[in-house]
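Numbers given in this note's numbering equal positions in the sequence shown, counted from 1, plus 1.
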Amino acid sequence: MNKILFVIILITSFKTNAQVWQVIEGTEMPVPVYGGEAVVVDSLIYILGGFSDSLNISVNIIQEYNPLTNSWRIIDSMNASRYGFVAGNYQDSIFITGGIDLNLSLDSSLEIWNLINQPYIFDLKLDFIRTFAAGIINNNTLYVFGGLLVNPLSTYMFGYNISDSTFSIRENFGFIAVYPFQQMAAYANNSIYLFGGVFIATSRAIYQYDILNEELTLLPTELTQSRSGGKAISLNDSLIYVIGGFNETSFSLSGVEEFRVDSGGYTVSAGPALNFERSELMAVKFNNSIYVFGGKDDSGKPVKKVEKLDFVTGIKNENSTSPEDFYLNQNYPNPFNPSTNISFSLSSKSLVKIEIYNLAGEEVIELVNKEMDEGIHNIIFDASAGDLTLTSGVYFYRLVAFNFSTQKTYIATRKMLLLK
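Pasting the structure below:
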């Protein structure tokens with residue numbers, strides 16, 4: 002069944018060790034580009050295509066980077082110059098589609114490079130004609146979402162079965178005519194998460210595409226700032242980094258956000274910032290690091306330097322009540338009638354807002370909107386207080402806390418059940 006859902010997911014706490022992006026000295030891209038794609042195959046990273054500012058054109062070159070020796074070489078070229086396209090690794094071959102201008106014979110192409118022979122055209126489909134789409138290869142399926150489209154019959158997303166060259170799914174999920182573009186996609190735990198993008202304006206929205214059930218879900222928690230044209234990199238099944246991009250106030254962003262899913266919950270918070278502002282960048286996870294290449298800075302010029310983030314993450318004990326962490330606890334009692342206790346902890350003084358929502362996503366009441374000190378806090382929600390006329394059912398409480406010490410915003414949502 003194909004449908005769009007609006008749901009609330011539970012949250013757990015987490016803690017990430019302090020991390021800093023390193024600029025890899027003595028290493029610059031031979032041909033700095035933005036809007037290309039980076040793909041890992043074995044021990045090497047390949048940068049495909051993109052737009053070259055020095056040449057003032059989209060390019061078809063394939064640049065190879067060896068992270069062990071910090072060395073570069075230009076190794077091959079695609080059949081077409083591509084900018085704002087999708088590429089991924091399947092069975093040690095790189096699949097490439099979209100992002101073609103001024104080449105009507107190849108704009109609908111899916112090409113393959115097996116690292117041995119020159120890239121070749123594998124298939125031609127009208128749905129492949131799109132730029133600035135987001136895409137992921139999972140198992141034997143290429144999933145592509147949104148983008149700027151030419152063919153009016155193309156859908157917002159499709160799943161293309163590589164094995165038999167057929168579409169397993171083509172869906173709009175409620176989008177009509179104009180689709181989001183420059184979203185950032187990453188895979189985690191049988192789902193593809195889509196962050197931000199441009200849809201009328203740059204967005205803070207987060208969508209979850211459930212691969213098994215073929216459902217698209219709009220999550221109620223958003224990115225801490227709107228962004229498009231960055232990269233989302235999955236470190237594992239519980240942690241995704243959303244890196245760089247642009248919005249209405251910044252042509253290029255250095256900011257990074259951490260999106261964590263764990264035991265059915267999620268958290269969004271600020272991560273370590275890049276050393277250079279970058280939009281339309283290329284990024285990959287390689288071993289225990291994220292590598293970032295190219296992109297353009299706030300003046301529109303390509304960034305030549307390579308950055309690397311080495312990461313170590315750990316999950317805090319769910320049962321810990323230490324105020325060292327930001328954490329929103331499950332209300333108690335639950336189910337409740339008419340009142341329940343909501344507790345949370347703050348690592349330092351924060352601006353706190355707590356709101357109650359119904360199933361339609363409408364605000365029922367704002368419980369808290371004030372500065373609060375470090376520590377563990379408890380508030381009482383009384384569903385019969387004042388002018389409230391709530392019926393039995395599921396409600397949600399949302400905590401937004403801006404930490405004055407870390408300058409980070411933490412967002413958490415849990416559900417509760419009112420039984421009358």
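Glycine included, C-beta positions come from ideal geometry on N, C-alpha and C.
None of the values given here were measured: they were computed from a predicted structure.
Would you tell me roughly how many angstroms separate the C-alpha atoms of Ser-349 and Thr-407, rounded to the nearest one? Their Cα atoms are separated by approximately 9 Å.
For Asp-1, does the three-state DSSP call read helix, strand or coil? Missing from the structure shown is residue 1; the chain here goes from 2 to 421 and no further.
Sheet register partners of Asp-54 (DSSP bridge): Asp-54 is bridged by DSSP to nothing; it lacks a bridge partner.
Extent of the continuous beta strand (DSSP E) run through Asn-67: Here the beta strand (DSSP E) through Asn-67 covers 62 to 67.
Nearest neighbour of Leu-224, chosen from Leu-240, Phe-247, Glu-259 and Ile-46 [CA to CA]: Nearest option by C-alpha distance: Glu-259.
Consult DSSP for Leu-127 and reduce its assignment to one of helix, strand or coil. When DSSP states are grouped into helix, strand and coil, Leu-127 belongs to the helix group.
Following the continuous beta strand (DSSP E) through Gly-160, name the residue where it begins and the one where it ends. Judged by DSSP secondary structure, Gly-160 falls within the beta strand (DSSP E) whose first and last residues are 158 to 162.
So the candidates are Ala-187, Tyr-194, Leu-149 and Val-243; which of them puts its Cα closest to the Cα of Ala-178? If we check each option's Cα against that of Ala-178, Leu-149 comes out closest.
On a CA-only basis, which of Phe-327, Ala-135 and Leu-400 is nearest Ile-355? Give me that one, please. If we check each option's Cα against that of Ile-355, Leu-400 comes out closest.
Would you identify the three-state DSSP class for Val-34, choosing helix, strand or coil? It is coil, neither helix nor strand.
Excluding the 5 residues preceding and the 5 following Ser-164 in the sequence, name in chain order all residues of the same chain whose CB lies nearer than 7 Å to its CB. Sequence-distant Cβ neighbours of Ser-164 in its own chain, meaning closer than 7 Å and more than five residues away, are Asn-141.
Report the residue from Leu-360, Tyr-333 and Met-373 whose alpha carbon sits nearest the alpha carbon of Ser-346. Of the candidates Leu-360, Tyr-333 and Met-373, the one whose C-alpha sits nearest the C-alpha of Ser-346 is Met-373.
Limits of the beta strand (DSSP E) - the one that Trp-22 falls within: Unbroken run through Trp-22: none, as it is neither H nor E.
Own chain, CB closer than 8 Å to Val-40, minus 5 neighbours either side, in chain order: Cβ neighbours of Val-40 beyond the five flanking positions: Ile-46, Tyr-47, Leu-49, Ala-88, Gly-89, Asn-90, Ile-95 and Val-285.
For Ile-58, count neighbouring Cβ atoms within 10 angstroms of its own Cβ and tell me buried if that reaches 16, exposed if not. Counting C-beta atoms within 10 angstroms of its own C-beta, Ile-58 has fewer than 16 neighbours from the protein chains shown and is therefore classed as exposed.
Might you give, ordered along the chain, the residues of its own chain that have their beta carbon closer than 7 Å to the beta carbon of Tyr-157, omitting 5 neighbours on each side? Counting only Cβ-Cβ distances below 7 Å, and skipping sequence neighbours, we find Phe-146, Gly-147, Glu-172, Asn-173, Phe-174, Phe-176 and Tyr-180.
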